[in-house]
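Structure first, commentary second.
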Amino acid sequence: MVYFFDVEKCKVCPLREGCFKEGAKTKTYSVAIKSEEHLDQQAFQGTEEFKRLARERYKIEAKNSELKNKHGYDQASAAGSFGMQIQGATTIFAVNLKRILKLLNEKG
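So the sequence shown is residues 58 to 165, counted in the numbering used here.
Written out as structure tokens, the structure is:
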């Protein structure tokens, strides 16, 4: 929410130090209105659990990026819910199969 103030009143205000700059043509003050959910999330982001989960996120994001960019999971290749389910299943199967083969090659 943004509040607009009359600059003429600001010029004579006793509290103008640090608030009003000489030569300013307008004066506004912004206030962020946060819902209960925003406040809860903000509090959660300060916890150790959030920090632990955030350290693991890059692994998940890397896999999502691989699915999307290397295997065509960014756009549905078939219409309808069933076609999208088949595409998702085969794409994830292919990525898992690649991972299994890589682990087998490293082992033996």
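Yeah, the Cβ is synthetic: ideal placement off N, Cα and C, and Gly gets one too. Note that the coordinates shown come from a computational prediction; the quantities given were computed from them, not determined experimentally.
A Cβ-Cβ distance of about 5 Å is found for the pair Ala133 and Met141, placing them in contact under the 8 Å criterion. Going by C-alpha positions, Gly75 is about 11 Å away from Cys67. It is roughly 6 Å from the alpha-carbon of Ala89 to the alpha-carbon of Met58. Under the 8 Å Cβ criterion, the region 119 to 129 counts as touching the region 148 to 164, having at least three qualifying pairs.
In its chain, beyond the 5 residues on either side, Lys84 have a beta carbon closer than 6 Å to the beta carbon of Phe62.
By the neighbour-count criterion, in which 16 or more other beta carbons inside 10 Å mark a residue as buried, Tyr130 falls on the buried side. Here Lys78 is not near Val64, since their CB atoms are 8 Å or more apart. Here DSSP, grouped into helix, strand and coil, assigns Phe77 to coil.
In the DSSP assignment, Thr148 falls within the unbroken alpha helix (DSSP H) covering Gly137 to Lys164.
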